[in-house]
Amino acid sequence: MASLVTCVITGATWCFCTAAASLLSSCCGNDKPSTVAPGASSGRKRSVLLLVLAIAIAFALQYGVAPYIVNIGISNYVTDAWLNGCDYNTDALTENCAGQAGVYRSAFSALVFFVLAAIAVTCKRTANREAWPAKYVLFLFLVLGMCFVPNEPLFLDVYLNIARIGAIFFILFQQIVFVDLAHNWNDGWVEKSDQAEAEETGSGQKWLVA
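Start counting the sequence shown at 3; every next residue gets the next number (the working numbering).
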């Protein structure tokens with residue numbers, strides 16, 4: 003009986019490791035050979051995965067690391083850097099400021115990463131789909147390095163204003179994308195309605211109702 007259980011556990015472990023390795027290879031490896039010209043979607047999945055990683059790190063820094071730094075009661079270079087500019091009278095406001103500082107560190111690291119990625123793509127068109135494991139490591143080192151940077155002036159005075167201006171343009175661009183998506187969606191359904199109507203009278207009405 004023990005041998006049977008061991009075999010089952012070993013088989014399940016092997017299947018899990020194989021699936022995990024396949025997933026990591028799909029997410030982190032090159033999406034095409036370097037001899038194939040890059041398309042519009044080259045590196046898109048890996049970029050989205052990195053954004054998800056940045057969001058997860060931001061949550062971890064805001065709700066995990068920041069409260070610990072505020073309540074640890076030890077003054078050193080890292081805690082002083084995180085609490086720089088967070089001189090409030092209450093612990094709640096100080097913890098909130100430290101949490102926001104954690105988000106700034108993750109977001110600024112993502113900004114630096116994608117700026118460097120854009121420069122790399124300008125120099126080499128296939129750079130966006132190559133060496134993604136190394137890129138993830140670079141991003142993690144960026145986040146780690148930002149933990150030692152004081153909040154002022156880089157985050158509170160410089161990056162915060164850049165993020166505000168960037169958010170305005172992002173919202174405007176997002177509205178344009180949504181309007182274009184709605185127009186394309188409408189045109190596609192009208193075309194399907196015309197095709198269905200040509201095949202059978204009245205069958206295209208369902209597309210117009212939808």
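Beta carbons are placed, not taken as given, at the ideal position from N, Cα and C, and that holds for glycine.
Check whether the stretch 159-170 touches the stretch 129-145, counting contact only when three or more Cβ pairs, one atom from each stretch, lie closer than 8 Å.
-> Result no; under three Cβ-Cβ pairs closer than 8 Å.
For residue 163, does the three-state DSSP call read helix, strand or coil?
-> Walking along the sequence shown from the start, residue 163 turns up at place 161. Under the three-state reduction of DSSP output, residue 163 falls in the helix class.
Output the residue ranges of the beta strand (DSSP E) runs that lie fully inside the stretch 49-99 and measure 3 residues or longer, sorted by chain position.
-> none
Which residues in the same chain as residue 105 place their Cβ atom closer than 8 Å to its Cβ, once the five residues preceding and following it in sequence are excluded?
-> Counting from 1 along the sequence shown, the entry for residue 105 is found at position 103. If we look at residue 105 and ignore the five residues flanking it on each side, its Cβ neighbours are 60, 63 and 64.
Same chain, Cβ closer than 8 Å to residue 22, five either side skipped, listed in chain order | Along the sequence shown, read from residue 1 onward, the residue named residue 22 stands at position 20. Unreliable positioning characterises residue 22 in this predicted model, as indicated by a pLDDT of 41, which lies under 50. The coordinate reading is nonetheless provided below. There are no such residues.
Does the beta carbon of residue 140 sit closer than 9 Å to a beta carbon anywhere in chain E?
-> Structure shown: chain E not included; a single protein chain is present.
Does the stretch 104-119 come close enough to the stretch 85-93 that 3 or more CB-CB pairs lie under 8 Å?
-> no
Cβ-Cβ separation, residue 83 to residue 152 (assumed contact under 8 Å), whole Å = As a working note, residue 152 is residue 150 in the sequence shown. As a working note, residue 83 is residue 81 in the sequence shown. Yes, residue 152 and residue 83 are in contact; Cβ-Cβ is about 4 Å, under 8 Å.
8 Å contact criterion, which residue 103 and residue 58 should meet: CB distance rounded = Along the sequence shown, one-based indexing puts residue 103 at 101. Along the sequence shown, one-based indexing puts residue 58 at 56. For a cut-off of 8 Å, the C-beta gap from residue 103 to residue 58 is around 17 Å, too long to register as a contact.
Grab me the residues of residue 122's own chain with a C-beta within less than 6 Å of its C-beta, minus the 5 sequence neighbours each way, in chain order.
-> For the purposes of this step, residue 122 is identified with residue 120 of the sequence shown, where counting begins at 1. Hits under 6 Å: 129.
From residue 87 to residue 149, what does the alpha carbon distance come to, in whole angstroms?
-> In the sequence shown, residue 87 corresponds to position 85, counting from 1. In the sequence shown, residue 149 corresponds to position 147, counting from 1. Their Cα atoms are separated by approximately 15 Å.
Exposed or buried, what is residue 126 when buried is set at 16 or more other beta-carbons lying within 10 Å of its beta-carbon?
-> Locating residue 126 in the sequence shown gives position 124, where the first residue counts as 1. Under this definition residue 126 is an exposed residue.
Taking the C-alpha atoms as reference points, what is the distance between residue 45 and residue 178?
-> One-based indexing of the sequence shown puts residue 45 at position 43. One-based indexing of the sequence shown puts residue 178 at position 176. Note on geometry: alpha-carbon atoms of residue 45 and residue 178 lie some 24 Å from one another.
Could you check the C-alpha separation between residue 1 and residue 201 for me, to the nearest Å?
-> Lying before the first or after the last residue shown, residue 1 is absent from the chain, which here runs from 3 to 212.
Determine the extent of the alpha helix (DSSP H) in which residue 157 is found, giving its start and end residues.
-> Position 155 of the sequence shown holds residue 157. It is not in any alpha helix (DSSP H) - residue 157 carries neither H nor E in the DSSP assignment.
Determine, using beta carbons only, whether residue 141 and residue 56 come nearer to each other than 9 Å.
-> Indexing the sequence shown from 1 puts residue 141 at position 139. Indexing the sequence shown from 1 puts residue 56 at position 54. Pairing residue 141 with residue 56 gives a Cβ-Cβ distance under 9 Å.
Are the beta-carbon atoms belonging to residue 165 and residue 109 less than 9 Å from one another?
-> One-based indexing of the sequence shown puts residue 165 at position 163. One-based indexing of the sequence shown puts residue 109 at position 107. Closer than 9 Å, so yes.
Which two residues bound the contiguous alpha helix (DSSP H) that contains residue 141?
-> As a working mapping, residue 141 is identified with position 139 in the sequence shown. Element bounds for residue 141: 134-148.
Residue burial classification, residue 134 (beta-carbon count within 10 angstroms, cutoff 16) = Taking the sequence shown and counting its residues from 1, one reaches residue 134 at position 132. It counts as buried.
Would residue 154 be called buried (16 or more neighbouring beta carbons within 10 Å of its own) or exposed?
-> The count along the sequence shown starts at 1 and reaches residue 154 at position 152. With fewer than 16 other Cβ atoms within 10 Å, it is exposed.
C-alpha distance - residue 124 paired with residue 186, whole-angstrom precision = On the sequence shown, position 122 is the one that residue 124 refers to. On the sequence shown, position 184 is the one that residue 186 refers to. C-alpha separation (whole angstroms): 30 Å.
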